[in-house]
Structures are given as structure tokens and as C-alpha cells.
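Visitor: Have a look at this one before I ask anything.
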Amino acid sequence: MSRRYDWLIVGAGFTGATVAERLARGLDQRVLVIDRRDHVGGNAHDRRDESGRTVHPYGPHIFHTNSRRIFDHLGQFTEWRPYFHRVRGHVDGQLVPIPFNLDSMRMLFPAGMAERLSERLIAAFGFGARPTIADLRQAGEDADLKFLGDYVFDKVFAAYSRKQWGMEPEALDPSVTARVPVAVSRDDRYFTDRYQAMPRDGYAALFQRMLDHPNIHVSLNTDMAEVAPSRFDRMVYCGALDDYFGRVAGALPYRSLRFERQVVAAEAGLPVGTVNYPNEFDFTRVTDFRHLTGERGETTCLLTEYPIPHEPGRTEPFYPIPTEASQALADLYRAMARTLEGRVWFAGRLADYRYYNMDQAVGRGLSLVEKALAPAILKAAA
Ligand code: FAD
Ligand code: UDP
1 MSRRYDWLIV GAGFTGATVA ERLARGLDQR VLVIDRRDHV GGNAHDRRDE
51 SGRTVHPYGP HIFHTNSRRI FDHLGQFTEW RPYFHRVRGH VDGQLVPIPF
101 NLDSMRMLFP AGMAERLSER LIAAFGFGAR PTIADLRQAG EDADLKFLGD
151 YVFDKVFAAY SRKQWGMEPE ALDPSVTARV PVAVSRDDRY FTDRYQAMPR
201 DGYAALFQRM LDHPNIHVSL NTDMAEVAPS RFDRMVYCGA LDDYFGRVAG
251 ALPYRSLRFE RQVVAAEAGL PVGTVNYPNE FDFTRVTDFR HLTGERGETT
301 CLLTEYPIPH EPGRTEPFYP IPTEASQALA DLYRAMARTL EGRVWFAGRL
351 ADYRYYNMDQ AVGRGLSLVE KALAPAILKA AA
């Protein structure tokens, strides 16, 4: 265990694994990747449960991106299975398409009313548009649009967001609810990105292939504190930003989740990948993995997500909570992080304290290597 490395990468999720692969394969660097968990993949990790079904133990992970470059980059490590995620929301006793769309209206309102509201919506935004709920609520004085904006906010966003974030939705950065628009169409796909697919053999296999290189050594069940600084020249840190600095300026807020997993008969599964429960219960959503994985059989695995407060050391920091105050505190830590550049770089959903999707984590890793790490290597060699 006394071997020396050019780089220590803390965290074996999409960001850390992308950086490690590019450093090792692209720049011939010797890399030690560590993770305090007993597996690679970070929150995108998947595994087989006792019934042989693939599950995502940290919540459902659906890959989608508009970046051909990122899709092709990951395509070196996996075959893809095309998959369009579909979500229904339980609203007024019915399972309606989410994003809320013209069919959701048809299911929830009397025919004449649904038609009139659809016409108003199309006139205001254009057919095919995907306004945010904030756009819809600010659409002007039209009484129908005002009614619709309030209805969708109340029935789809308000209570879900309170559950998910433990705060009033107005206190959140608007980019959070903007992730799920209103669809002025009958398109019931959750995402509209150009590339939507699942790794055919799962995420664990993808990560294994990405990290399979003679220049990469992976050490699991290993915390950063256990690696002597003398064993590496430079570090990329993908853990929680405030954690690195011992929370000296105060704890950054994160939201955590508790999961409940259930194996049920296939007939008792869900009609689509995920059902959201904006208004009832303490959980936000239930996912039926057979839709995501394409696996068929007599049983299927359901995962229910219960949002809970994050307690450092006891729960996982799954979501940064984007508010004005948290961004100000993160800025302070970011300024501290910049003083370490040259020896330590911070990147990833936790270390950047940004609500990244998987493709953004990969993009962050790729651009970090190109724009900062490769130049640093060249400079040191000169
Ligand atoms: P992470 O995956 O969080 O990896 C960080 C790793 O660092 C962890 O494994 C952690 O154990 C390790 N670590 C931290 N501190 C230390 C330390 N001190 N020492 C050693 N190791 C340490 N994205 C999508 O694109 N589509 C989805 O459908 C989707 N669904 C999601 C559902 C949920 C419930 C959640 C929470 C996220 C979802 N995401 C989704 C986002 C996705 O998980 C992230 O974008 C991605 O995993 C971020 O990768 P990362 O490497 O930056 O961080
Ligand atoms: N949201 C909501 N109702 C829904 C779906 C989403 O209020 O039915 C809001 C909620 O605030 C949520 C955010 O939109 O946290 C982003 O949703 P997304 O599905 O992208 O969340 P993630 O998959 O990242 O948990």
C-alpha cells in the first residue's frame, strides 16, 4: 500500500471515474481512486437484488443528455438500450401524465373546459412549448391561464416540493421546479433530450469498464482521511464541499432520502417507470425497475423514496438544496477551494454543490481534465 500516485481521486462516481479514466488513458497518469463506500459508481451504482432483479439502491437513475460528445464518450464503456422514461402523477384520484400535458387536462377537467384551457395554453406558448410552472403562473391576466397555473402548482408542485425539500417551494431556486415543465403537447416523455438510454448491462458494468486500466488502482471502503498525503502529488475531490473544510463556515444544507424496496408479482407492478404522489403520503414517488432495465419475469422490484433531513455522518447528502442562502455559503467554500488549486481540485455534484444530472457530472469531469488538469500536468513537466 505504499505505492505513489500522480493523482488521488476521492469519489468513484461519474465525476471521479470520468476524471480517472481520462487521466490514466488519455494522459498516462498513475491514479488512485478511492471511495468510502464498498462499490464504485457513486449514487448511480446498481446491483442485483436477492430475486435477481437489477435495482438502483440510491434511487432510479435514467440517463439522458443533449450532448452527443458525452453520449459517445460513455458509449466506449457500454452498449445502450433505448429507453424513454414515463411518469404518472396521482392527482385527484387519477394517474395523469407528468410533465402535466394536454392529456392530463383531458383526464382531469370536463371536456369543454379541457378544450378551452388547451386552446388558451397553445395560444399563449405555442404548441410543443415546455414552459416552466413559474412561466405559466406569470402568463398574464387571462383568467383561464391563471386558474390553470394555480391548479397545476397546487396539485403537482406545491406539496411534492414541500415533501421533497422540507421547505416552501417559493424559497427554492426556480431552477429546481423548472426541471419538470408543463408540456403544451401530448408528449408524455419525462425527458425530451436527444439521447435517452440505459446502459445495457447496467451502471456497475459501465463503471468497471471505465476504471479497468493498468494505470488505475481502485480502493473501496477507504475514506480520504486514510490516505497519506505523501502517496500522491495532486488530488481531485468529489466529496461534499463543506465536508472537506470540516464545515468551519457552517454546514451546507443537503436533503437525504430513505428508500423502501419491495419485490412484487409482475401484475402488481406500475404501468410506467415512476408514479409520483404529489399530494398524499410521506413519500414522493415509486419506481418499477423493470421499465428501466427491460428485465422481464414473474416479479418486479419497486423502490419508494421518502425524503428526510440530512444528518452528516448518519445519512447520505443526496441533494444540494439550492436557495439564496445556501449558494452564498457555497460561494464562500468555493473561494476557499480555489486557494488550493494547483494541488487540489473540486468537482462533482457534491463538491461543486450543484444539482447535476449524470451527463453534467461526466461533462464536468471531461472539462476539468481538459481545461485545468492537462495544462497543470504540462506545466509541471516543462
Ligand atoms: P456521487 O455519485 O455522489 O459520487 C461521490 C462519491 O464520493 C460517493 O460515492 C461518495 O461515497 C464518495 N465520497 C464522498 N466523500 C468521500 C470521502 N471523504 N472519502 C472517500 N469517498 C468519498 N441523474 C440523472 O442523470 N438521471 C437520473 O435519473 C438521476 N436520478 C437521481 C436520483 C436520485 C435519488 C439522486 C440522489 C440523484 C439522481 N441523479 C440522476 C443524479 C446523479 O446521481 C448525479 O448526477 C451523479 O451521480 C453525480 O456523480 P458524482 O460523481 O458527482 O457524485
Ligand atoms: N416536482 C414536483 N412534482 C412532480 C415532479 C417534480 O413538484 O411531480 C418538482 C420538485 O420540486 C422536484 C423538482 O420538481 O424536486 C425536480 O424534479 P425531478 O423529477 O427532476 O427530481 P429528481 O429526479 O432530481 O429527484
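Numbering (UniProt numbering), first residue to last: 1 to 382. The C-beta atom is built at its ideal place from N, Cα and C for all residues, glycine as well. As the structure is a prediction and not an experimental result, all values here were calculated from the model.
Please indicate yes or no: does the CB of F157 lie closer than 6 Å to some heavy atom of the ligand UDP?
Guide: It does: the Cβ of F157 is within 6 Å (strictly closer) of some heavy atom of the ligand UDP.
Visitor: Near V275, which residues of its chain fall below 6 Å by C-beta distance, leaving aside the five closest residues on each side in sequence?
Guide: R88 and V286.
Visitor: Which residues share a DSSP beta bridge with N276?
Guide: For N276, which the question treats as bridged, DSSP gives the partners G89 and R285.
Visitor: Who are the near neighbours of E79 in its chain, counting only those whose CB is closer than 6 Å to its CB and skipping five residues on each side?
Guide: Same-chain partners within the cutoff: R200.
Visitor: Check the C-beta distance from S185 over to G128 and give it rounded, since I have them as a contact under 8 Å.
Guide: About 5 Å; that satisfies the 8 Å criterion.
Visitor: List the endpoints of the continuous alpha helix (DSSP H) containing V152.
Guide: A143 to V152 is the extent of the alpha helix (DSSP H) around V152.
Visitor: Take V362 and list the residues in its own chain whose beta-carbon comes closer than 7 Å to its own, dropping the five residues that flank it on each side.
Guide: Counting only Cβ-Cβ distances below 7 Å, and skipping sequence neighbours, we find F14, T18, I70, H73 and L74.
Visitor: Can you determine whether any heavy atom of the ligand FAD sits closer than 6 Å to the C-beta of D212, and answer yes or no?
Guide: Answer for D212: no, Cβ out of range of the ligand FAD.
Visitor: Helix, strand or coil for M235 per DSSP?
Guide: Strand, per DSSP.
Visitor: S256 by DSSP, collapsed to three states: which one?
Guide: DSSP places S256 in strand when its eight states are reduced to three.
Visitor: According to the Cβ coordinates, are R296 and W165 closer than 7 Å?
Guide: No. Outside cutoff.
Visitor: Please determine whether the Cβ atom of P278 lies at a distance below 6 Å from any heavy atom of the ligand UDP.
Guide: P278: yes, Cβ under 6 Å from the ligand UDP.
Visitor: Just to check, is the beta-carbon of S161 closer than 6 Å to a non-hydrogen atom of the ligand UDP?
Guide: Indeed, a heavy atom of the ligand UDP lies less than 6 Å from the Cβ.
Visitor: So does the region 193 to 208 actually touch the region 112 to 122, counting three or more Cβ pairs closer than 8 Å?
Guide: At 8 Å Cβ cutoff, the stretches do not touch.
Visitor: I321: which of A249, A347, S161 and K371 sits nearest, CA to CA?
Guide: Ranking the options by Cα distance to I321, first place goes to S161.
Visitor: When we look at the beta-carbon of L220 and count the other beta-carbons within 10 Å, is it buried (16 or more) or exposed?
Guide: Exposed, since its Cβ has fewer than 16 Cβ neighbours within 10 Å.
Visitor: Bridge partners for Q196 per DSSP, in chain order?
Guide: Note: Q196 sits in a beta bridge opposite H64.
Visitor: May I ask you to report which of helix, strand or coil DSSP gives R47?
Guide: DSSP places R47 in strand when its eight states are reduced to three.
Visitor: Would a C-beta distance cut-off of 7 Å place F232 and Y5 closer than the cut-off?
Guide: The answer is yes: Cβ separation under 7 Å.
Visitor: So, is K155 buried or exposed, given that buried needs 16 or more other C-beta atoms within 10 angstroms?
Guide: Result: buried.
Visitor: Taking Cβ to Cβ, would you say G294 is nearer than 7 Å to R81?
Guide: Cβ atoms of G294 and R81: closer than 7 Å.
Visitor: For D212 and L378, I'd like the C-alpha separation in whole angstroms.
Guide: Using only the alpha carbons, I get a separation of about 25 Å.
Visitor: Is any heavy atom of the ligand FAD found at a distance shorter than 6 Å from the C-beta of P31?
Guide: Going by the sequence as given, residue 31 is Val instead of Pro. Result no, Cβ not under 6 Å from the ligand FAD.
Visitor: How long is the line joining the alpha carbons of R209 and F281, rounded to whole angstroms?
Guide: Straight-line Cα distance between these residues: approximately 40 Å.
Visitor: If you draw a straight line from the C-alpha of N43 to the C-alpha of Y306, how long is it?
Guide: The alpha-carbon atoms of N43 and Y306 are separated by roughly 16 Å.
Visitor: What does the alpha-carbon distance come out to for the pair L366 and F318?
Guide: Answer to the nearest angstrom: the Cα atoms are 22 Å apart.
Visitor: Do you know offhand how far M358's Cα is from F63's?
Guide: Distance between the alpha carbons of M358 and F63: 7 Å.
Visitor: Mark S104 as exposed unless 16 or more other C-beta atoms lie within 10 angstroms of its C-beta, in which case mark it buried.
Guide: Buried, since its Cβ has 16 or more Cβ neighbours within 10 Å.
Visitor: What do you reckon, is the C-beta of T54 under 6 Å from a heavy atom of the ligand UDP?
Guide: T54: no, Cβ never under 6 Å from the ligand UDP.
Visitor: Within this structure, are the beta carbons of R86 and D150 separated by less than 7 Å?
Guide: Cβ atoms of R86 and D150: not closer than 7 Å.
Visitor: For L148, which of D193, F100 and E311 has the nearest alpha-carbon?
Guide: Ranking D193, F100 and E311 by Cα distance to L148 puts F100 first.
Visitor: Rounded to a whole number of angstroms, what is the C-alpha to C-alpha distance between E168 and R36?
Guide: For E168 and R36, the distance between alpha carbons rounds to 34 Å.
Visitor: Determine the burial state of Q196: buried for a count of at least 16 other Cβ atoms within 10 Å of its Cβ, exposed for fewer.
Guide: Result: buried.
Visitor: Taking the CB atoms as reference points, tell me whether W7 and L23 lie closer together than 7 Å.
Guide: The answer is yes: Cβ separation under 7 Å.
Visitor: DSSP has H217 in a bridge; who is on the other side?
Guide: The partner list for H217 (beta bridge, DSSP) reads L32.
Visitor: If you count every other CB in all the chains shown that lies within 10 Å of the CB of V248, and 16 or more means buried, which is it?
Guide: Looking at its Cβ environment, which holds fewer than 16 other Cβ atoms inside 10 Å, V248 is exposed.
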